[in-house]
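In terms of my numbering, the sequence shown opens at residue 2 and continues consecutively.
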Amino acid sequence: MSADEPTTVFAAALALVAWGEHGLVPVVAQDVTSGDVLMLAYADRLALARTLASGEAHYYSRSRAEPWHKGATSGHRQRVREVRFDCDADALLYRVEAAGPACHTGERSCFFRVVPGRDDDDAVGIGATMGLLQRVLDERLQALPEGSYVTRLHARGLGFVGQKVIEEAGETVVAALQESEEAFLGEAADLLFHLSVLVALRGQRLDDVARVLHERHRERVAPAGRSSGDDPAP
Ligand SMILES: [Zn+2]
């Protein structure tokens, strides 16, 4: 098989993209779990075709002027779950599961530096927060570090964590009816945390829960099938 054969197989997909004058388009890589932006790079036709064919992120390195299979040497591959293109088709979005840091510095995201002036510590979103929680649960449940609350919950087992979920659900409802905003938010956070541990102890992931919610949303939004690929996330 010749190296550029996937460009023939995926000719129809490649024709959708408005390639720039050097045959390149910018690609944003996004963590599909957290929604975090991981990096910005470029792709040529071969890179996109190889990405579509292999399900792993391929780019074109402008500095080295050569194809770049992300993680081929570092092991920090990106499994591409979906490729989107923007409204005028001149930029791509790879929605990925990252096996390691996107950045050569070892940071998860290349965008780890903040330009002073608009840095807002409170600018956290549900996606980033639940994604971080999932990563912490993965780490804790694998290493089971002594003194960790997650380690204790793991030792007590699924039934105990289930009881905690019921208890926290009750407290959340009581707080919703009778308590302050702050107390209610605290109980709701406890409920989400313990529910997340329950999901993890069953060997499943918040992504799996999100997929169910997403599919329900899609069914309601587009009951008769879909005609375009540019719909917003739910
Ligand atoms: Zn970087």
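Just so it is clear, CB atoms sit at the ideal spot from N, CA and C, and this is done for glycine as well.
When Cβ pairs closer than 8 angstroms are counted between the two stretches, the region 157 to 174 is seen to touch the region 184 to 196, the count reaching three or more.
Apart from sequence neighbours up to five positions away, the residues of its chain that approach residue 42 with a beta-carbon distance below 6 angstroms are 28, 60, ordered along the chain. Contact between the region 44 to 53 and the region 110 to 130 is absent: fewer than 3 CB-CB pairs across the two stretches fall below 8 angstroms. Ligand 1 never approaches residue 88 closely enough for any of its heavy atoms to be under 6 angstroms from the residue's Cβ.
By the criterion of a C-beta distance shorter than 6 angstroms, residue 109 is surrounded in its chain by 102, once the five residues flanking it on both sides are discounted.
Considering only 219, 16, 97, 40, the residue with the shortest C-alpha distance to residue 107 is 40. Between residue 155 and residue 134 the beta-carbon gap is near 15 angstroms, outside 8 angstroms, which marks them as no contact. Membership of residue 215 in the alpha helix (DSSP H) is indicated by the continuous run 207 to 222. Residue 46 places its beta carbon 7 angstroms or farther from that of residue 74. The alpha carbon of residue 64 has as its nearest neighbour, out of 83, 56, 221, 44, the alpha carbon of 44. Secondary structure of residue 117 (DSSP, three-state): coil. In terms of Cβ geometry, residue 196 and residue 166 form a close pair [threshold 7 angstroms]. Separation of the CB atoms of residue 70 and residue 100 is rounded to 13 angstroms, and the pair is thereby denied contact status at 8 angstroms.
Contact annotation, residue 18 with residue 26: C-beta distance approximately 6 angstroms; criterion of less than 8 angstroms satisfied. Apart from the 5 residues on each side of it in sequence, residue 32 sits with its Cβ closer than 7 angstroms to the Cβ of 39, 97, 99, 132 in its chain, given in chain order. With fewer than 16 other Cβ atoms from the protein chains shown falling within 10 Å of its own Cβ, residue 178 counts as exposed.
The DSSP-derived three-state label of residue 93 is strand.
The C-alpha of residue 140 is placed about 23 angstroms away from the C-alpha of residue 164.
Residue 24 and residue 212 have their C-alpha atoms roughly 35 angstroms apart.
Its chain contains 200 as the residues whose beta carbon lies nearer than 8 angstroms to that of residue 210, once the 5 sequence neighbours on both sides are disregarded; these appear in chain order. Under the 10 Å beta carbon count, residue 205 is surrounded by fewer than 16 other beta carbons and is classified as exposed.
In the DSSP annotation of this structure, residue 203 is not part of any beta strand (DSSP E), being labelled neither H nor E. By the rule of a C-beta closer than 5 angstroms to any heavy atom of ligand 1, the residues picked out are 104, 111.
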